[in-house]
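Undergrad:
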Amino acid sequence: MTISYEEYLKLLLPASDQKLEEMAQKARQLTLKHFGRTILMYAPIYLSNECDNRCVYCGFSRELAEGGVTLSVDEVIRESEILYNKGFRHILLVSGEKRDKISISYLREIISRLHKKFESISLEIFPLEEEEYRELFLAGADGLTVYQEVYDREIYQKVHPQGPKADYDHRRQTPERAARAGFYRINIGALLGLGKWEEEAAELGRHAADLKKKFWQSQISVSFPRLKSSAAGFKPLYPVTDRQLVQMICALRIFQPSLGLVLSTREGRELRDNLIPLGITQMSAESKTAPGGYSQEIAAEEQFEIADKRSLAEVVSSIRERGYEPVLKDWYKSLIT
Ligand code: SF4
Numbered sequence: 000m001t002i003s004y005e006e007y008l009k010l011l012l013p014a015s016d017q018k019l020e021e022m023a024q025k026a027r028q029l030t031l032k033h034f035g036r037t038i039l040m041y042a043p044i045y046l047s048n049e050c051d052n053r054c055v056y057c058g059f060s061r062e063l064a065e066g067g068v069t070l071s072v073d074e075v076i077r078e079s080e081i082l083y084n085k086g087f088r089h090i091l092l093v094s095g096e097k098r099d100k101i102s103i104s105y106l107r108e109i110i111s112r113l114h115k116k117f118e119s120i121s122l123e124i125f126p127l128e129e130e131e132y133r134e135l136f137l138a139g140a141d142g143l144t145v146y147q148e149v150y151d152r153e154i155y156q157k158v159h160p161q162g163p164k165a166d167y168d169h170r171r172q173t174p175e176r177a178a179r180a181g182f183y184r185i186n187i188g189a190l191l192g193l194g195k196w197e198e199e200a201a202e203l204g205r206h207a208a209d210l211k212k213k214f215w216q217s218q219i220s221v222s223f224p225r226l227k228s229s230a231a232g233f234k235p236l237y238p239v240t241d242r243q244l245v246q247m248i249c250a251l252r253i254f255q256p257s258l259g260l261v262l263s264t265r266e267g268r269e270l271r272d273n274l275i276p277l278g279i280t281q282m283s284a285e286s287k288t289a290p291g292g293y294s295q296e297i298a299a300e301e302q303f304e305i306a307d308k309r310s311l312a313e314v315v316s317s318i319r320e321r322g323y324e325p326v327l328k329d330w331y332k333s334l335i336t
């Protein structure tokens, strides 16, 4: 039985902390029912650490990335081959916002070449227009990750003072533009630590529910990126504890039982392992957050520090020890295309 949005808001209240064990059991049952014992694995490839925005929390923001790096198409392919040989089939292409370097034709060429080998290619780049998404979808991309970063408008303006990203509404409407263009894996999130977590979780839950309603044939997911130290030296405005993160994950799972829940290597190994049974459905492993990070032929700034530095093999074995099956290739794509 699903719960209403008002009931979801109650699960985010401090008083619900006392019911955390009960919430965790419910979240576990619902995840087993909707996803079984599987965890989809993916890895990011950073294309560029150049960016015209000045997000105050990011190591790639303009002043810090002077002399930044954008990989050539061949360099991206070399990075992808390293990940392919490790077993990854789901790839996330990540970049800052640098339109003159990260052009649609550059992205189209990379995607068309990767599409021959990889099962799924997702983008975590700057917001595009619907027509541009359509072009990249036709080249072979199927997934989009775009975090609103912070749903609170006032904080949003403070932490995104300049650059195209200062446009809150254009960013907020990005998942819809991509979904209308054909993207069928849509992943949203809030950068935890920028706003009060209960308020951010409330708005994130509303956004996810709205997308699920409008694009019911798409796979909608939510990520939980917590702010970590970066080259910008930014400290979270509202730090989120492990327990609050667990409360948020369980509440979202109970509210939206078929929502994908994603956890990256920003979190440490112990927390990642413990969260597996509570509702997580996708995880990254062995991630590098600098362009050229896998081949290590280029010295470039990392976007943020990775907490879980285990290899894919170590993460896989840890998932199996908990009775779950890591999935490097899924059949969602072949079922719907
Ligand atoms: S968070 Fe993204 S948009 Fe902002 S400065 Fe960093 S790379 Fe650029």
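So the sequence shown is numbered by numbering that gives the first Met the number 0: it starts at 0 and just counts up by one. No residue lacks a Cβ here, since even glycine has one placed at the ideal position from N, Cα and C. In this text the structure is predicted, and so the values were computed from the model without any measurement.
1) Run through DSSP, which three-state label would isoleucine 101 get?
2) Could you tell me whether any non-hydrogen atom of the ligand SF4 is closer than 6 Å to the CB of glycine 35?
3) Taking just the CA atoms, how far does glutamate 197 sit from proline 13?
4) Please identify the residue among Glu74, Ile248 and Phe254 whose C-alpha is closest to the C-alpha of glutamine 295.
5) Using CA coordinates, which residue listed in Tyr83, Phe214, Leu70 and Glu49 is at the minimum distance from phenylalanine 125?
6) So for alanine 201, helix, strand or coil by DSSP?
7) Examine the Cβ distances between the region 33-45 and the region 271-284 and report whether three or more of them are shorter than 8 Å.
8) Could you say if the region 310-322 and the region 284-292 meet the contact criterion of at least three C-beta pairs nearer than 8 Å?
9) Does DSSP put tyrosine 132 in a helix, in a strand, or in coil?
10) Relative to the C-alpha of alanine 140, which residue among Gly188, Ile90, Ser79 and Lys18 is closest?
11) Taking C-alpha atoms, which residue in Ser102, His114, Lys9 and Leu122 lies nearest to isoleucine 44?
12) Have a look at isoleucine 335 and glycine 181 and give me their C-alpha separation to the nearest angstrom.
13) In whole angstroms, what is the alpha-carbon distance linking alanine 177 and glycine 192?
14) Are the beta-carbon atoms belonging to leucine 256 and leucine 210 less than 7 Å from one another?
15) Do the region 143-159 and the region 107-117 meet, that is, are 3 or more Cβ pairs less than 8 Å apart?
16) CA-CA distance, alanine 138 and glutamate 131?
17) Which of helix, strand or coil does DSSP assign to glutamine 172?
18) What's the gap between the Cα of leucine 39 and the Cα of lysine 328?
19) In this structure, does DSSP put proline 218 in helix, strand or coil?
20) What residue range does the alpha helix (DSSP H) around glutamate 285 cover?
21) Got a sec, what are the start and stop residues for the beta strand (DSSP E) valine 93 sits in?
22) Which residues in the same chain have their Cβ closer than 6 Å to the Cβ of glutamine 243, if we skip the five residues on either side of it in sequence?
23) With DSSP collapsed to three states, give me the class of alanine 23.
24) Could you say which of Pro163, Ser220 and Gln161 lies nearest to isoleucine 185 if we only look at CA atoms?
25) Find the nearest neighbour of isoleucine 120 within the set Ser263, Ala26 and Tyr41, judged by alpha-carbon distance.
26) Could you give the first and the last residue of the continuous alpha helix (DSSP H) run that contains arginine 319?
27) Looking at the strands, I want to know which residues DSSP matches up with valine 55.
28) State yes or no: is the C-beta of glycine 259 within less than 7 Å of the C-beta of glutamine 218?
29) Drop a sphere of 10 angstroms on the beta-carbon of serine 3, count the other beta-carbons inside from all chains shown, and report buried for 16 or more, exposed for fewer.
30) Under DSSP, the beta strand (DSSP E) around leucine 260 begins and ends at which residues?
TA: Once the coordinates are examined:
1) Here residue 101 corresponds to residue number 102 of the sequence shown, with the count starting at 1. If DSSP states are grouped into helix, strand and coil, isoleucine 101 belongs with coil.
2) To locate residue 35, count along the sequence shown from 1; it is residue 36. Every heavy atom of the ligand SF4 is 6 Å or more from the Cβ of glycine 35, so no.
3) Working through the sequence shown from its first residue, we reach residue 13 at position 14. Working through the sequence shown from its first residue, we reach residue 197 at position 198. When rounded, the distance between both Cα atoms is 9 Å.
4) Within the sequence shown, numbered from 1, the residue matching residue 295 stands at position 296. Ranking Glu74, Ile248 and Phe254 by Cα distance to glutamine 295 puts Glu74 first.
5) Sequence index remark: in the sequence shown, residue 125 carries index 126 (1-based). The option with the nearest alpha carbon to phenylalanine 125 is Glu49.
6) In the sequence shown, residue 201 corresponds to position 202, counting from 1. DSSP places alanine 201 in helix when its eight states are reduced to three.
7) yes
8) yes
9) Locating residue 132 in the sequence shown gives position 133, where the first residue counts as 1. Reduced to three states, the DSSP call for tyrosine 132 is helix.
10) Translated into positions along the sequence shown, residue 140 becomes position 141. Taking only the C-alpha atoms, the option nearest alanine 140 is Ile90.
11) One-based indexing of the sequence shown puts residue 44 at position 45. Minimum Cα distance to isoleucine 44 is reached at Leu122.
12) Locating residue 335 in the sequence shown gives position 336, counting from the first residue. Locating residue 181 in the sequence shown gives position 182, counting from the first residue. Any answer about isoleucine 335 is weak, because its pLDDT of 41 lies below 50 and its placement is not dependable; what the coordinates show is given next. Spanning the two alpha carbons is a distance of roughly 12 Å.
13) In the sequence shown, residue 177 corresponds to position 178, counting from 1. In the sequence shown, residue 192 corresponds to position 193, counting from 1. Taking the straight line joining both Cα atoms gives about 27 Å.
14) Within the sequence shown, the letter at position 257 stands for residue 256. Within the sequence shown, the letter at position 211 stands for residue 210. Going by the sequence as given, residue 256 is proline instead of leucine. Not a contact, by the Cβ cut-off of 7 Å.
15) no
16) As a first step, residue 138 is located in the sequence shown; it is residue number 139 there, counting from the start. As a first step, residue 131 is located in the sequence shown; it is residue number 132 there, counting from the start. Those two C-alpha atoms are separated by around 11 Å.
17) Within the sequence shown, residue 172 is the residue found at index 173, counting from 1. If DSSP states are grouped into helix, strand and coil, glutamine 172 belongs with coil.
18) For this step, residue 39 is matched to residue 40 along the sequence shown. For this step, residue 328 is matched to residue 329 along the sequence shown. When rounded, the distance between both Cα atoms is 8 Å.
19) By 1-based counting over the sequence shown, the position of residue 218 is 219. Going by the sequence as given, residue 218 is glutamine instead of proline. DSSP places glutamine 218 in strand when its eight states are reduced to three.
20) Position 286 of the sequence shown, counted from the first residue, corresponds to residue 285. Run containing glutamate 285: none; DSSP gives neither H nor E here.
21) Mapped onto the sequence shown, residue 93 falls at position 94. Looking at the DSSP string, the run of the beta strand (DSSP E) that includes valine 93 is 89-94.
22) Taking the sequence shown and counting its residues from 1, one reaches residue 243 at position 244. The residues are Trp196.
23) Position 24 of the sequence shown holds residue 23. Of the three classes helix, strand and coil, the one that applies to alanine 23 here is helix, per DSSP.
24) As a first step, residue 185 is located in the sequence shown; it is residue number 186 there, counting from the start. Taking only the C-alpha atoms, the option nearest isoleucine 185 is Ser220.
25) The sequence position of residue 120 within the sequence shown is 121, counting from 1. The residue with the shortest Cα to Cα distance from isoleucine 120 is Tyr41.
26) Here residue 319 is taken as the residue at index 320 of the sequence shown, counted from 1. 311-320 is the extent of the alpha helix (DSSP H) around arginine 319.
27) Here the question's residue 55 lines up with position 56 in the sequence shown. Looking at the DSSP assignment, valine 55 forms no beta bridge with any residue, so it has no partner.
28) Position 260 of the sequence shown holds residue 259. Position 219 of the sequence shown holds residue 218. Going by C-beta atoms, glycine 259 is nearer than 7 Å to glutamine 218.
29) Numbered from its first residue, the sequence shown carries residue 3 at position 4. Looking at its Cβ environment, which holds fewer than 16 other Cβ atoms inside 10 Å, serine 3 is exposed.
30) Numbered from 1 along the sequence shown, position 261 holds the residue referred to as residue 260. Segment 259-262, the beta strand (DSSP E) holding leucine 260.
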